[in-house]
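Quick notes on the structure that follows.
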Amino acid sequence: MSSLLHDDEEDMLSEDAFVWALQSAKLADFCSHCLVRRTEQRKLMRCSRCKQMQYCSSECQKKDWTLHGKECKRLTALGASVEDSNFPEDSIRLIARLYEKAGNAEALATTSNGRRYEDLVSHKENISKSGRFEIFLKSYEPFAGNRYDRDRLLEACSKCSVNSFGIKDDRQISIGVGLYLSLSRLDHSCQPNARLVYVGRRVKVVPSKDMVFDRPIDLTSLRHSYIDELQSIDERRRRLQEEYFFFCECEGCGNKKRNGEMEGLGCQQFRCPGAVDEETFTCAKCSSKLTVDEQEMGQMATSLADSAVAALRNRRVSHDTKLQLCQKSIKVADGVLFRANLQRLALFNGAYEACVEMNNWNDAVKYGGEVLWIHLHYRGELDPAVTALQLNVGVAHMNAKQNETARALLLSVFKRLQVVYGKDSDVLRFVGDMCNMLQ
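Counting in full-length UniProt numbering, the sequence shown runs from 1 upward without gaps.
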């Protein structure tokens with residue numbers, strides 16, 4: 001990790017996972033203990049019993065046994081492989097691991113910056129009333145059986161539901177889930193000033209708007225987003241209420257200009273880049289009002305974009321069909337929706353991802369460039385989420401043989417990646433190798 005922090009600051013802003021679990025689709029690609037990635041030089045070996053978990057060394061396998069031991073017996077008895085529909089998801093395995101650990105007095109005494117397992121918020125009454133626990137049991141019992149302490153399992157399920165973090169790799173791709181005793185205390189904001197990044201299973205809090213935090217660092221002033229904050233204010237509040245049981249009134253929710261742009265129409269006055277409020281139909285920049293015909297066109301484009309974005313969630317739709325759907329919808333939406341409208345973002349992102357999957361790199365860089373512009377509009381270039389996107393779009397330019405643009409994008413993220421992940425990280429070596437190759 002980066003060493004721009006003093007030791008006490010490093011301890012405050014980074015933490016090892018209390019429990020963790022890899023996504024089933026990632027079990028073959030990452031060590032199940034330290035979460036290091038498989039490479040040509042770094043081989044992984046399977047657990048000889050369940051044959052599902054993989055490890056980079058015998059030492060990692062031995063250390064993981066305290067969590068994997070009972071899990072291993074259950075997976076062996078289940079007889080399922082990661083490709084099977086009945087293989088337990090990472091969230092199920094995480095809670096099963098936590099349930100076993102919560103029955104160990106020594107583990108319960110573990111502290112991280114003064115916080116213990118018992119200090120975590122649970123909202124177990126709300127979890128129970130919502131029916132989420134009963135739904136969870138339908139997936140848990142086929143894997144772990146029905147002999148358990150119900151209250152202890154409810155406690156584990158509830159604490160994981162509201163305190164766990166989605167673990168990501170150095171390209172900001174989700175690989176698993178983990179529970180962190182200390183940093184789970186961080187509050188939420190829909191306009192965060194911090195992000196969580198991961199080196200293996202260790203989480204680190206980094207600034208999203210500056211290269212480093214102001215001194216002295218005050219943990220209570222840091223806010224990260226519990227959800228993807230690039231959603232409408234209504235959708236953000238709905239999700240936060242359903243998943244975390246609070247009504248959000250953060251800085252981002254109070255930012256009328258930002259929220260208006262997220263759902264806004266485009267101003268039709270010549271060369272005005274302003275966003276038009278979807279209720280008053282008035283431009284926030286030039287104060288002009290859309291005509292009745294322009295209002296109807298805006299409502300039609302919004303409705304079409306909503307339907308197209310909903311269709312993109314269907315995993316059975318082919319990449320080619322998704323690309324065609326996005327392309328047709330973009331033709332209608334462009335110039336009608338505000339440039340940074342989030343439904344427009346979803347259409348361009350859908351087209352970009354489909355092009356990447358089909359190795360259509362010339363179109364990928366076109367759509368990816370617009371996705372990057374919208375992310376920069378809301379987040380800023382120092383945000384690790386934007387850094388990862390810049391890296392991925394840079395690789396797309398390289399694959400499209402647009403070497404000059406590719407190298408410029410990759411060089412632009414080099415320093416930020418070094419600060420966030422460290423000079424010896426896999427991602428920094430990758431970017432360095434690509435830049436040298438593009439010279």
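We put the CB at the ideal spot given by N, CA and C, even for glycine.
Keep in mind the model is a prediction, meaning the values are calculated, not measured.
In the three-state reduction of the DSSP assignment, S161 falls in the helix class, which pools H, G and I.
The beta carbon of I95 lies closer than 8 Å to those of F136, Y140, L153, A156, C157, C160 in the same chain, with the five residues before and after it left out.
The alpha-carbon separation between E106 and E251 amounts to approximately 41 Å.
Within the same chain, V413 come within 6 Å of L391 by CB-CB distance, once the 5 residues on both sides are set aside.
For T405, the secondary structure class from DSSP, reduced to helix, strand or coil, is helix. CA-CA distance, C435 to A109, rounds to 48 Å. Rounded to the nearest whole angstrom, the C-alpha separation of W361 and A77 is 45 Å.
Per DSSP, the beta-bridge partners of F30 are R37. For G178, the uninterrupted beta strand (DSSP E) run begins and ends at 174–179, by DSSP. Residue state for M358 is assigned as coil, using DSSP reduced to three classes. From the listed residues C31, R42, L290, the smallest Cα separation to D277 is found for L290.
Boundaries of the alpha helix (DSSP H) around Y99: 90–102. Excluding the 5 residues flanking it on each side, S122 has same chain C-beta neighbours closer than 8 Å at E155, S158, K159, V162, in chain order.
Residue environment analysis places M262 among the buried positions, since at least 16 neighbouring C-beta atoms fall within 10 angstroms of its C-beta. Each of T282, R236, S184, R344 was checked against the Cα of Q269, and the nearest Cα belongs to T282. Distance check between L240 and each of D187, N399, R429 places D187 closest, using alpha-carbon atoms only. Secondary structure at K73: helix, using DSSP grouped into helix, strand and coil. If the five residues before and after A301 are omitted, its C-beta is found closer than 7 Å to the C-beta atoms of V332, A333, V336, L337, all from its own chain and listed in chain order. Between L265 and V309, the gap from beta carbon to beta carbon reaches 8 Å or more. In the structure shown, the three-state DSSP call for A80 is coil.
In terms of Cα proximity to K63, the closest of K51, C47, L75 is C47. Judged by pairs of C-beta atoms under 8 Å, the stretch 365–377 does not touch the stretch 410–430, as fewer than three such pairs exist.
For Y140, no beta strand (DSSP E) encloses it; the enclosing alpha helix (DSSP H) starts and ends at 132–144. Contact annotation, E100 with K70: C-beta distance approximately 6 Å; criterion of less than 8 Å satisfied. Beyond the five residues adjoining it in sequence on each side, A354 comes within less than 6 Å, by CB distance, of H319, K322, L323 in the same chain, given in chain order.
The beta carbon of P88 sits closer than 6 Å to the beta carbons of F143 from its chain, once the five residues preceding and following it are set aside; these are given in chain order. Put simply, of P273, E296, M297 the residue whose alpha carbon is nearest the alpha carbon of S287 is P273.
For the pair P384 and Q231, the CB atoms are not nearer than the 8 Å cut-off.
No Cβ-Cβ contact shorter than 8 Å links S225 with L120. At the C-beta level, V212 and K204 stay beyond 8 Å of one another. Ranked by Cα distance from R223, the first of R236, V206, R215 is V206. Considering only E242, R116, K423, L44, the residue with the shortest C-alpha distance to S58 is L44.
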